[in-house]
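Residue numbers (my numbering): 61 to 186.
Think of the CB as a built atom: it goes at the ideal place given N, C-alpha and C, for glycine as much as any other residue.
Given the structure is predicted, the values throughout are model-derived calculations rather than measurements.
Each remark here refers to the structure printed beneath this line.
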């Protein structure tokens, strides 16, 4: 087992799964929760399952047939996956809180915008 790439999108999916680790969630439900398209969510879920952080199961055929919709695949974070995800998210958070490189602290972002370590940039009128 390894660790998945900790992209912002992966972090969003992990946070959604960690909201209620015992709850099974289906892919489109996760899309709605994190605000990402299915073409982003499903590859992330596949990678998380591949490293053992997530388990998946298919919905009972009778349930989806009765509901008149496609069969759902449910995902749930594993116990080990929850522990690893919490550590990875904490590490990613700490990494983002590092001071900006010297060039970024003096590089203007745009009018009224700022990096977290710099003051807003204002430009003279006209």
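The beta carbons of residue 146 and residue 78 sit closer together than 8 Å. Across the set 68, 69, 80, the C-alpha of 80 shows the shortest separation from the C-alpha of residue 142.
Per DSSP, the continuous beta strand (DSSP E) segment holding residue 133 begins and ends at 133-137. Its chain contains 69 as the residues whose beta carbon lies nearer than 7 Å to that of residue 100, once the 5 sequence neighbours on both sides are disregarded; these appear in chain order. Contact annotation, residue 116 with residue 135: C-beta distance approximately 5 Å; criterion of less than 8 Å satisfied. Ranked by how close their Cα comes to the Cα of residue 120, the residues 151, 112, 130, 114 have 130 in first place. For residue 117, there is no enclosing alpha helix (DSSP H); the enclosing beta strand (DSSP E) covers residues 114-118. Apart from the 5 residues on each side of it in sequence, residue 66 sits with its Cβ closer than 6 Å to the Cβ of 148, 152 in its chain, given in chain order. At a Cβ-Cβ threshold of 8 Å, residue 111 and residue 63 count as neighbours.
The three-state secondary structure of residue 85, taken from DSSP, is strand. Counting of Cβ neighbours within 10 angstroms places residue 75 among the exposed residues, the total staying below 16.
Distance from the CA atom of residue 84 to the CA atom of residue 97, rounded to whole angstroms, is 19 Å.
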